[in-house]
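Asks: 0 is the number of the first residue of the sequence shown in numbering that gives the first Met the number 0; add one for each residue after it. Before I ask anything, let me first share the structure, which is written out below as structure tokens.
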Amino acid sequence: MQGKTVGVVSCQSSPEPVFLKWKDMEMSSEGDFFVRSGPGTVKLASDSFREYIRTRFVGWSPPADA
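Listed below in structure tokens is the structure:
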């Protein structure tokens, strides 16, 4: 690796959608939703993440207080 530091992160898929909420920043009430796309990460717009969640997390529904 030519003397460079390399890091590897390994994680499992979540059984439910996970939203990122930025502290002290305006955003949608749900927060931001990101997905992996190839070697990158993409923030999905609300219409896109709703469709992604509907197809990826079949049978999941948000908590009653969400």
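Ideal Cβ positions, reconstructed from N, Cα and C, are used throughout, including at glycine. Just so it is clear, the structure is predicted and the values come from calculations on it, not from any experiment.
For F70, does the count of other Cβ atoms within 10 angstroms reach 16, so buried, or fall short, so exposed?
Replies: Look at the range of the chain in this structure, 0 to 65, and you will see that residue 70 is not part of it.
Asks: State the DSSP-derived secondary structure class of F56, mapped to helix, strand or coil.
Replies: If DSSP states are grouped into helix, strand and coil, F56 belongs with coil.
Asks: If F56 sits next to E15, beta carbons under 8 Å apart, how far is it from one beta carbon to the other, in whole angstroms?
Replies: Confirmed, about 6 Å.
Asks: When the Cα atoms are used, what is the spatial distance from R53 to D46?
Replies: Their Cα atoms are separated by approximately 11 Å.
Asks: For S60 and Q1, what's the separation of their Cα atoms in angstroms?
Replies: Roughly 48 Å between the two C-alpha positions.
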